[in-house]
Amino acid sequence: MVKLSAAFVATALQPSTSNVVVYTLIGVAICLKRYNALELLLISLLALNWQRVPLAYHIRLFSPIIKVIIKARLYRKGHLRTSRDPALGLEPSEHWQAIARSPWAVRACFSSRATWSALDNNIHMSNSVYATDSDHGRTKIYAEVLWPLVVTEGIYGSLAGTHSCFLREIPMGCAYEVETHSLTWDDKYTYLLHRWLIAPTGDDLNAVVSSATQRRLTVAAVSISKLCFFTNAPLPRNGIVSKTRARQPVHTGRFVTLCGSGEDSSAWQLAKRLRKARESRRWLVGQEVDSMRGEDDGMVTMSAGKTLPLSRIASAKVPQCRNVFTPDNEHCFVASFSSVLVYSLKAKRIVSELRTASTSSSTSSDVLSLLLNPHNPLQLLVGSKGSLDVWDYTAGEILKSIPLDGRIIDLTGSSELHGSIFALVQPAKDSEQSASVQRIDLIAGKATTHEAFPLTAPTCLAVDPRGEHVVVLDGRRMLVASASDGTMPARVYESRKRLTALAIHPTEPYVAVGDSEGQIRLWYCLSDASASTSASAVLHWHAHRVRSLAFTPNGAYLLSAGEEAVLVIWQLETHHKEYLPRLGSGIVSVAVSASGPGEMLFVTRHEDGSSMFISSQSLKLIGSLKSGSTTARADESGLVPIAYESVSNRIALPASHPSTLQLISLKTSDSVEIEIAPTNRIVGEEGRVEPPRISHVAFSTPQRGIPTFMATIDRWQSEGFAQETYLKIWQGTQDGSYALVTRIDRPHSDEVTSVCFSQTAPLLVCTTSKKGQIKLWQSRQDFKGRMTWSCRSVFDCRQQSAFAAAFSFDGSLLAIAHQTCVSLWNVRSLALLRSISSPNATLVSSIVFAGKHGQFLVYGGRNGISVCDVYTCDEIGAAAVSLQSLHSVRGSDKAIAVERSLGTDPTHDVRAFEISLGDTIEASLKIMPGPMRSLTLISDGKAPAFAFVDANGSISLAGTDVGLPQLPARLPDTVGPLSLLSDLLDDLTLPTPTGEARSNPQISNVSALLDAAPHTLPPLRTIWRELLRLPVMNRAVETEQPAASMPMDVDEATPVTSEIASIETPAELREAFERMFAA
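Mapping of the sequence shown onto the UniProt record's numbering: position 122 corresponds to residue 122, and the numbering continues sequentially without gaps.
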């Protein structure tokens, strides 16, 4: 009995269940058998140190998991009842989990006592015991919250680090409680908080209420554990999920969501949907899955959706075909995506547009080639993918459409071909056919293959003016064949370099061919008598490949152009050359106007889509046309910066060069380019240098009395060099452009993640960085009265990464997205007001203030969005939407959420949610065709409208009542052969039918024309012929105002033919003009 009593006394020292069992068994064993003193001493040491014996730690560690498994089976068999709400729709085996419970409300607690085996030399509990207690607490959290995924998804965790802080000592024999719960998480780590609680001693300021016993206890120690989780998930390769599995880190926010944690069972329903589709592991490691696109979108009530109309305004692929002049040199045809623009050289603007039937469709065919019908100069031939359209450009109508199997990459013809032209046709990518030359009968509308050309990779095609030979460039070969006989084999001329450009002399039987190394060869190969296998002359100036060649109509000059953006004019007889440099970006094509009555013109087409019109006499620009285009090159995140300027109704995004920003007007379709970062654009393929790139663009909100500002972030990074980042703030000018006000080098020490303006005065700019640094920039005037910007404040939120920022409507609050939470700041005092988080939106990447007065805060990321009240910070709505961007509609209780695009499939639609914020959160669904890289809201009207960059790099508008202004297809005036004198008379002062003289400020053009060099003027006989055709003119004579009763003296009509007939010299002609138009 004495021995048994001693066992119970030892049990009293640490009254836990495990100790009672162990000490009772040892006491019974001692009673049943006699032991000597040494054996009793060893048994006593074993009893007091049983927690340190082998496997005792592991049994204690895994006991919570064993309990959870047993409890789950009892629930499944109905032996245990639950108090959970039946409305949650949980199965019997799911009631024990932390489903539909806040992850911060789930706490793991256990009790223990500081025994003498756990003491250090100060007779206090040793630090090593805190570590083992932490292991026990983490295991209980696994069992209560994470155990379902540990079993079903094969997730395993590892301890990345701990940090402990000791506030009170735990003396020997003191009972304590250990409480463990989730503190926070980011995209990789989970942070658990452990607290050791003991009985309070007096009035203790560290006293808290225990979650297990509801007693007031004192915090003795605090520890934070940093955990990361892994799983074996399929690896994505080039956007395709492979069968290869590898160890990948788990996104902790998705981990918690997949466990079912949340205010309701929506997260658990999502988890079951992912498991059913076998996509849960892919989703856990951050991959996008189709199950996330379900119609069950959480707490937001969804309505049926409709597809938004689409119109394309710019493209990353600039048409490579030449521009075409009308016979009178009054207009020029410019290919633009799936339409043809008609540019007036007089009005210096676009006057009409030839649109195909599918121009507004996302699957429309781009224009690939243009040709003025050699048999009817009032018709334009337009080649595209699958058809050749014959246009009457004066009436703006398609006369005939001839179907062809393939892409028509080049057209050529001659007036001697009797109603036929030639087309170079490339087959589709999935076709087994090879490229071919087709002879098209425009009258019958039929196409036949020219069998003389065995082609592999042809680039261009040409026919000589006599219509006898057809020339094709095919890689390193030039093939010449008869135009009339398609059965005769073509003559082949070989080159060591790849041939890239072709032009045929208008009068002589030779061709000019450019290659990839910048050389131009003149080949006499169009006459059987003079055919030569080697070039007769070589012209070399270009350092890179020759992109285009063109002869003047008289054959005296040859024009060449390439990537250097220099137009070279060769005098063929002397090989003397003239240059027209710095035309912009690289030149892709050059064309020459026909020999008409007017001045001969040159036109160049550039890589950025612009066209430059050049006078052949002065070699100066007389006009330009800029067509919108973008780089289509995304950054590491796959996005292209795009922003909307509400002042001028323009969208801003990178131009053809990534360091240049273009502003495209949605009213007039005009574009303005701003060079954000000066850079060398003329670099060959063999030595291309990485240019600076624009990563962020933002505009200030229009305010009375305050100019519009623009903020840009451009960065440059190349292998072996440190990254250079610049924050530049620009001020709007009167001509619609922007002037640089302030440049700030290295605004942050790492990558800048966002930039935004405040919406009220005084204007502030907020920039955030990946390392969590936040900076506010303010404007001020220097001593010269110039506006400059400087840094006002620098702060951070616990060094958490910052990904987005937004100012409230009144500018008093600043919200920062930290991916796991949102921090709310007072702008004036920089005081942290609140940290907001939600299990429905853990990977926060976008944030906006919404509502008529900005009383709502909408934020979200890849795994969902959340809506909260700014005043109470309570969540009032959520949706399981993989978010790409958020937009606020000013003046209404609406916000726009755009779903993230998955893949690059053009048939994959993108959903946009118009969220109505009020007592009930509702969302109407809008569908936009095709994936996208970046998007911005361009309309604050009732219906949403967007400008976005799709997967191919084209710029499109989606929404009702959007799109560029529609130009008429018909020309304003009838286009015909106009005379030189009719142009001249347009600039003079002529009488009107009422006798009132009308003046023109350009009357001095007559003197300028007659003062020109004689060799630039047309022959006198041509002008005489036109003057003789001139009808008799009435000339008004200036007289004093007569009385009402007196008739007005008016000169009678005077014939001028007798005076003109006596003209023999230019001087006499000049005097005749001056006398004729003296009035």
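Even for Gly, the Cβ is constructed at its ideal location relative to N, Cα and C. As the structure is a prediction and not an experimental result, all values here were calculated from the model.
State the CB to CB distance for the pair residue i and residue j, rounded to an integer number of angstroms; the pair is presumed to be in contact (CB under 8 Å).
i, j, result
"Asp-410", "Leu-455", "Contact doesn't hold; Cβ gap of about 12 Å is too wide."
"Ser-112", "Tyr-176", "6 Å"
"Pro-641", "Ser-560", "Not quite, the Cβ-Cβ distance comes to about 36 Å (not below 8 Å), so this is no contact."
"Ile-350", "Val-340", "Rounded, the Cβ-Cβ distance is 10 Å, inconsistent with contact."
"Gly-772", "Gln-800", "5 Å"
"Ala-880", "Gly-864", "5 Å"
"Glu-578", "Ser-656", "Wrong, their Cβ atoms sit about 27 Å apart, outside the cutoff."
Name the two residues that bound the continuous alpha helix (DSSP H) containing residue i.
i, result
"Thr-283", "The residue asked about is misnamed: residue 283 is Trp in this sequence, not Thr. First-last of the alpha helix (DSSP H) with Trp-283: 280 to 284."
"Lys-826", "For the sequence presented, residue 826 should be read as Asn rather than Lys. It is not in any alpha helix (DSSP H) - Asn-826 instead sits in the beta strand (DSSP E) that spans 822 to 826."
"Ser-618", "Premise fails: Ser-618 is in no alpha helix (DSSP H) and is neither H nor E."
"Ile-170", "First-last for Ile-170: undefined, no H or E at that position."
"Lys-140", "127 to 141"
"Ile-504", "No alpha helix (DSSP H) holds Ile-504; the beta strand (DSSP E) holding it covers 499 to 504."
"Ser-63", "56 to 77"
Excluding five sequence neighbours on each side, which residues of the same chain lie with their C-beta closer than 6 Å to the C-beta of residue i?
i, result
"Met-299", "Since pLDDT at Met-299 reaches only 48, below the 50 mark, its modelled position is unreliable, and the value read off the structure follows with that caveat. If we look at Met-299 and ignore the five residues flanking it on each side, its Cβ neighbours are Gly-877 and Ala-878."
"Met-1033", "With a pLDDT of only 38 at Met-1033, under 50, the local geometry of the prediction cannot be trusted, and the value read off the model is given with reservation. Excluding sequence neighbours, Met-1033 sits near nothing in its chain."
"His-331", "Val-342 and Ser-344"
Could you please give the first and the last residue of the uninterrupted beta strand (DSSP E) stretch that includes residue i?
i, result
"Pro-654", "650 to 654"
"Ile-408", "397 to 413"
Given this structure, state the Cα-to-Cα distance separating residue i from residue j, to the nearest angstrom.
i, j, result
"Ser-63", "Leu-824", "42 Å"
"Leu-284", "Val-603", "56 Å"
"Ile-569", "Gln-759", "54 Å"
"Pro-309", "Ala-945", "9 Å"
"Asp-893", "Ser-837", "22 Å"
"Ser-261", "Glu-144", "11 Å"
"Gly-154", "His-136", "21 Å"
"Leu-442", "Ser-387", "13 Å"
"Pro-56", "Ala-131", "Contrary to the premise, residue 56 reads as Ala rather than Pro in this sequence. Taking the straight line joining both Cα atoms gives about 16 Å."
"Glu-295", "Asn-373", "Residue placement at Glu-295 is flagged as unreliable, the pLDDT there being 41, under the threshold of 50; the coordinate-derived value follows with that caveat. Cα to Cα, the separation comes out at about 55 Å."
"Ala-565", "Ser-589", "11 Å"
"Glu-169", "Arg-60", "24 Å"
"Leu-957", "Pro-581", "36 Å"
"Ile-399", "Trp-391", "The amino acid at residue 399 is misidentified as Ile; the sequence shows Leu. Rounded to the nearest angstrom, the two C-alpha atoms are 6 Å apart."
"Thr-394", "Ala-947", "33 Å"
"Gly-584", "Ser-315", "18 Å"
"Gln-320", "Ala-452", "26 Å"
"Arg-491", "Glu-517", "24 Å"
"Ser-362", "Arg-355", "Residue placement at Ser-362 is flagged as unreliable, the pLDDT there being 42, under the threshold of 50; the coordinate-derived value follows with that caveat. Rounded to the nearest angstrom, the two C-alpha atoms are 14 Å apart."
"Lys-446", "Val-425", "14 Å"
"Leu-526", "Glu-468", "8 Å"
"Tyr-644", "Ser-749", "28 Å"
"Thr-767", "Leu-886", "18 Å"
"Ser-471", "Glu-508", "Here the sequence assigns Val to residue 471, which means Ser is not the residue at that position. Their Cα atoms are separated by approximately 15 Å."
For residue i, which option in the options has the closest C-alpha, if you only look at C-alpha atoms?
i, options, result
"Ile-587", "Ile-99, His-251, Val-318 and Trp-268", "Val-318"
"Arg-138", "Trp-523, Pro-658 and Phe-110", "Phe-110"
"Tyr-557", "Ser-616, Leu-583 and Leu-499", "Ser-616"
"Met-125", "Ala-221, Ser-158 and Leu-38", "Ala-221"
"Ser-225", "Ser-415, Ile-847 and Ala-160", "Ala-160"
"Leu-217", "Asp-186, Cys-174, Asp-515 and Cys-259", "Cys-174"
"His-251", "Ile-651, Val-870 and Ala-841", "Ala-841"
"Gln-966", "Ser-536, Lys-667, Phe-709 and Lys-188", "Lys-667"
"Thr-788", "Val-689, Leu-424, Phe-709 and Gly-413", "Phe-709"
"Pro-747", "Asn-232, Ala-711 and Thr-487", "Ala-711"
"Asp-464", "Tyr-524, Gly-514 and Ala-444", "Tyr-524"
"Leu-380", "Val-752, Thr-326, Ala-428 and Lys-852", "Thr-326"
"Thr-679", "His-181, Ser-671, Glu-673 and Val-689", "Val-689"
Tell me which residues share the same chain as residue i and place their Cβ nearer than 7 Å to its Cβ, disregarding the 5 neighbours each side in the sequence.
i, result
"Ser-384", "Ser-365, Asp-366, Val-367, Leu-368 and Ile-408"
"Pro-972", "Val-351"
If I measure Cβ to Cβ from residue i and keep anything under 8 Å in the same chain, skipping five residues before and after, which residues do I get?
i, result
"Asp-714", "Ser-659, Ile-676, Ala-677, Pro-692, Arg-693, Ile-694, Ser-695, Thr-725, Tyr-726 and Lys-728"
"Pro-702", "Ser-646, Val-647 and Thr-708"
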